[in-house]
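Engineer: One structure, pasted below without further comment.
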Amino acid sequence: MAATSQLNVVSNGLAKIKFLLKYFIHAALFVVASKLQDSTCTQLDSCTCSFGNGTLLDLSPLAFKSRPRFVLDGIQFQYLYNPCFNFTFGECENVSMCQYQNVAGNYFVLGTQDSAYFVTDTDDDHIVFLLYSHTDSYGFTR
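Residues 1 to 142 (UniProt numbering) are what the sequence shown spells out, left to right.
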């Protein structure tokens with residue numbers, strides 16, 4: 001029962017973090033990508049990609065150097081995110097994204113800068129997404 005409950009919590013958390021990514025980054029990326037509908041964005045680093053015409057999509061102005069730039073507080077979870085630079089929050093060390101379970105006090109690494117990659121959705125107005133991942137010590141990828 002506890003394992004199933006924990007998986008449901010993790011699953012709900014993943015849905016929320018995907019929403020977070022879309023919420024924080026989607027609007028800015030859409031404006032740039034929709035004007036460049038004939039191009040994909042090629043990753044230069046964890047913070048920047050380049051379109052075919054040389055236009056850069058650079059998230060560094062949004063980033064803080066060593067703390068989360070965006071924090072979403074919920075009833076059960078707190079989500080923290082920082083583009084471009086890792087941060088440490090509790091047991092989430094050197095991460096770009098962290099999920100904190102308020103009641104139980106659990107920390108979940110959701111992504112690191114070295115896992116960041118840009119994806120251009122060629123089927124939907126060439127929207128650019130920045131994705132992160134992390135595989136924990138149990139082999140579970142978030």
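Ideal placement from N, C-alpha and C gives every residue a C-beta, glycine not left out.
What does the alpha-carbon distance come out to for the pair R67 and S39?
Structural biologist: Locating residue 67 in the sequence shown gives position 67, where the first residue counts as 1. Locating residue 39 in the sequence shown gives position 39, where the first residue counts as 1. Distance between the alpha carbons of R67 and S39 is about 33 Å.
Engineer: From the DSSP secondary-structure annotation, give me the bridge partner or partners of Q113.
Structural biologist: What you label residue 113 is simply residue 113 of the sequence shown in a count that begins at 1. Answer by DSSP bridge pairing: none, since Q113 is not bridged.
Engineer: Rank G90, L131, Y79, V128 by C-alpha distance to the C-alpha of Q99 and give the top, closest one.
Structural biologist: Indexing the sequence shown from 1 puts residue 99 at position 99. When each option's Cα is compared against that of Q99, the closest is Y79.
Engineer: Let me check understanding here. Comparing Cα to Cα, which of F129, V71, F70 lies closest to L57?
Structural biologist: Along the sequence shown, read from residue 1 onward, the residue named residue 57 stands at position 57. The residue with the shortest Cα to Cα distance from L57 is F129.
Engineer: Could you work out which residue in V95, F64, Q101 is closest to D114 when comparing CA atoms only?
Structural biologist: Within the sequence shown, residue 114 is the residue found at index 114, counting from 1. Among V95, F64, Q101, the Cα nearest to that of D114 is on V95.
Engineer: Per DSSP, what kind of secondary structure is S50 in: helix, strand or coil?
Structural biologist: To locate residue 50, count along the sequence shown from 1; it is residue 50. Three-state DSSP puts S50 in a strand.
Engineer: So the beta strand (DSSP E) D73 belongs to, where does it begin and stop?
Structural biologist: Locating residue 73 in the sequence shown gives position 73, where the first residue counts as 1. Note, D73: beta strand (DSSP E), 70-73.
Engineer: Could you pull the start and end residues of the beta strand (DSSP E) that T88 belongs to?
Structural biologist: Looking up residue 88 in the sequence shown gives position 88. 87-89 is the extent of the beta strand (DSSP E) around T88.
Engineer: Which residue wins for smallest C-alpha separation from V109, given the options D121, F89, F118, L62?
Structural biologist: The residue given as residue 109 occupies position 109 in the sequence shown. Here the closest residue by C-alpha is F89.
Engineer: Whole angstroms are fine: how far does the CA of F51 sit from the CA of T120?
Structural biologist: By one-based count along the sequence shown, residue 120 stands at place 120. By one-based count along the sequence shown, residue 51 stands at place 51. Answer to the nearest angstrom: the Cα atoms are 10 Å apart.
Engineer: Quick check on the burial criterion: 16 or more other C-beta atoms within 10 angstroms. Buried or exposed for A104?
Structural biologist: If you number the sequence shown from 1, residue 104 lands on position 104. Flag for A104 reads exposed.
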